[in-house]
Amino acid sequence: MPNSHSENSVAQDWDRYWKGSQDQSAFGSGGVNHPAILAFWTTFFRASANPTTRIIDIASGTGAVIEAATHVDQSPGDFICVDTSIAAINTLCSRFLNVQGLVADASQLPLEDESQSMATSQFGLEYAGKEAFSELIRVLAKGGRLALVLHCDHGIIFNEAAASLDATKRLKESEFLPLATEMFKAGFAIYRGANPAEFEAAAKRLMPAFKSLEPIMDEHGVHVAGDTICELYNEVARIQGRMQHHDEQEVINWLTQIGQELDAYAGRMKSMQQAALSKDEFLAFTDKLNTGGFKIQQAEALRVANHPLPLAWILTANKQ
5 MPNSHSENSV AQDWDRYWKG SQDQSAFGSG GVNHPAILAF WTTFFRASAN
55 PTTRIIDIAS GTGAVIEAAT HVDQSPGDFI CVDTSIAAIN TLCSRFLNVQ
105 GLVADASQLP LEDESQSMAT SQFGLEYAGK EAFSELIRVL AKGGRLALVL
155 HCDHGIIFNE AAASLDATKR LKESEFLPLA TEMFKAGFAI YRGANPAEFE
205 AAAKRLMPAF KSLEPIMDEH GVHVAGDTIC ELYNEVARIQ GRMQHHDEQE
255 VINWLTQIGQ ELDAYAGRMK SMQQAALSKD EFLAFTDKLN TGGFKIQQAE
305 ALRVANHPLP LAWILTANKQ
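Each residue of the sequence shown is one higher than the last, beginning at 5 in this note's numbering.
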């Protein structure tokens, strides 16, 4: 679990991600919407339905938790959704008109003690460090309910992040993007009268980098890094064979966008791994709740069918 390592950099990487969720992000956008996670929230909110409930959702992103709540009850309560990303809060407030969006650090919530009757978070609280867990406990009223979905060290999502981090590192080291850009510029120049030999030379320089994508997909699967490795491999080959049917600036802009997002994406994958809780850290947190006056109802790994690894840690508790 992180404390305060490069917090500004991590926040910027996630803010860029949520901005991309409104456009066409090269590495994919949106939250983790596995059916098992949706089922967890559905069960929780059905057992907690109360139109007068004051709910605080930490690290809301663009609203995965509130969306699950509204599927159960069209008026689930008064939501305060907290995130460090202005882009995420703006998107959330445009999707859900009856929520209060709050741009704030989860480790320093501008809320009164015991002011909320329910507290939730999905894959977010752990990024803010230990102080954020204490803050969530502070603002939750006696008799209030707590529900958390947390990243699990060496679980399914953790391993997917590791694979994506390795894939993006190897993509960058191959210089595929600048070499592909160089090749396309030379190729489109042919239609303006340039010597085809320059294009052929650029295509030859690209080939080793192009081939280097194959073992990445062999090792990690074609969906690694949000399908970006596979997309680059297929689309560059397709466009190269049909350049006369494409706009040069659109192709260059596409490659440029991927290059610009590469470091931010890698930063998100790294922060995801660093935020993940080990079994000992998760048990330590549940022990803290037990000794702090909470009654634990559920504290376990969330598992899915036909997979040996956990998807996440899940926790529900009542504050006594």
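Here a beta-carbon is modelled for each residue, glycine too, at the ideal position from N, C-alpha and C.
In this structure, does DSSP put residue i in helix, strand or coil?
i, result
"Asn94", "helix"
"Asp157", "coil"
"Asn294", "helix"
"Gly225", "coil"
"Gln244", "helix"
"Phe83", "strand"
"Gly230", "coil"
"Ala166", "helix"
"Asn322", "strand"
"Ala110", "coil"
"Ala53", "coil"
"Leu115", "coil"
"Ala201", "helix"
"Ser216", "helix"
In angstroms with no decimal places, state the Cα-to-Cα distance between residue i and residue j.
i, j, result
"Phe49", "Phe162", "27 Å"
"Lys134", "Leu113", "13 Å"
"Ala288", "Leu152", "15 Å"
"Val103", "Ala68", "13 Å"
"Leu115", "Thr66", "21 Å"
"Ala193", "Ile256", "13 Å"
"Ser275", "Ala198", "46 Å"
"Ala309", "Gly159", "14 Å"
"Phe298", "Asn322", "5 Å"
"Trp45", "Val240", "41 Å"
"Glu204", "Lys215", "17 Å"
"His75", "Ile93", "20 Å"
"Thr172", "Glu265", "10 Å"
"Gly296", "Thr88", "27 Å"
"Ala136", "Trp258", "38 Å"
"Thr260", "Tyr237", "15 Å"
"Asn37", "Lys292", "29 Å"
"Glu71", "Glu202", "53 Å"
"Ile235", "Gly147", "The sequence as given places Glu at residue 235; Ile does not occur at that position. Cα-Cα distance, rounded: 50 Å."
"Asp267", "Leu42", "30 Å"
"Ala190", "Arg242", "16 Å"
"Ala316", "Glu139", "22 Å"
"Gln324", "Asn294", "10 Å"
"Gly263", "Pro182", "9 Å"
Return the first residue and the last residue of the alpha helix (DSSP H) that residue i is part of.
i, result
"Glu252", "252-279"
"Val308", "No alpha helix (DSSP H) contains Val308, which DSSP labels as neither H nor E."
"Val76", "68-76"
"Gly191", "180-194"
"Leu315", "Taken as a continuous stretch (DSSP letters only), Leu315 belongs to no alpha helix (DSSP H), as it is neither H nor E."
"Glu139", "134-143"
What's the call for residue i, buried or exposed, on a 16-neighbour Cβ count within 10 Å?
i, result
"Tyr1", "Because the chain here runs from 5 to 324, residue 1 falls outside it and cannot be looked at."
"Ser64", "buried"
"Asp284", "exposed"
"Glu223", "exposed"
"Asp117", "exposed"
"Gln126", "buried"
"Thr232", "buried"
"Gly228", "It should be pointed out that residue 228 corresponds to Val in this sequence rather than to Gly. Per the 10 Å Cβ criterion, buried."
"Met122", "buried"
"Ser98", "exposed"
"Ser29", "Low confidence applies to Ser29: its pLDDT is 46, below 50, so where it sits in the model is not reliable, and the reading given next is rough at best. That one is buried."
"Gly128", "buried"
First and last residue of the beta strand (DSSP E) that includes residue i?
i, result
"Ser89", "Careful: Ser89 lies outside any beta strand (DSSP E) and carries neither H nor E."
"Arg58", "58-62"
"Ser121", "120-126"
"Leu329", "This structure gives no information on residue 329, because the portion of the chain shown stretches from 5 to 324."
Since residue i contacts residue j with CB under 8 Å, what's their CB separation in whole angstroms?
i, j, result
"Val143", "Ser119", "6 Å"
"Leu210", "Ala184", "6 Å"
"Phe83", "Ile62", "Not confirmed; about 12 Å, so no contact."
"Phe180", "Ala145", "With a Cβ gap of about 54 Å, Phe180 and Ala145 do not count as contacting."
"Ala279", "Glu130", "4 Å"
"Ile40", "Leu306", "The amino acid occupying residue 40 in the given sequence is Ala; Ile does not appear at that position. Yes, they are in contact, since the Cβ atoms of Ala40 and Leu306 sit about 6 Å apart, within 8 Å."
"Met273", "Leu169", "4 Å"
"Gln301", "Ile318", "Gln301 to Ile318, Cβ: 10 Å. No contact."
"Ala53", "Asp77", "5 Å"
"Ala207", "Met187", "5 Å"
"Ser111", "Ala91", "Actually they do not touch by this definition, with Cβ atoms about 20 Å apart."
"Leu150", "Thr290", "Rounded, the Cβ-Cβ distance is 11 Å, inconsistent with contact."
"Gln277", "Ala167", "With 8 Å as the limit, Gln277 and Ala167 do not qualify as a contact, their Cβ atoms being about 11 Å apart."
"Cys156", "Pro314", "5 Å"
I want to check one thing, is the minimum distance from the CB of residue i to the heavy atoms of the ligand NAP below 7 Å?
i, result
"Val69", "Absence of the ligand NAP is noted for the structure shown, with no ligands found whatsoever."
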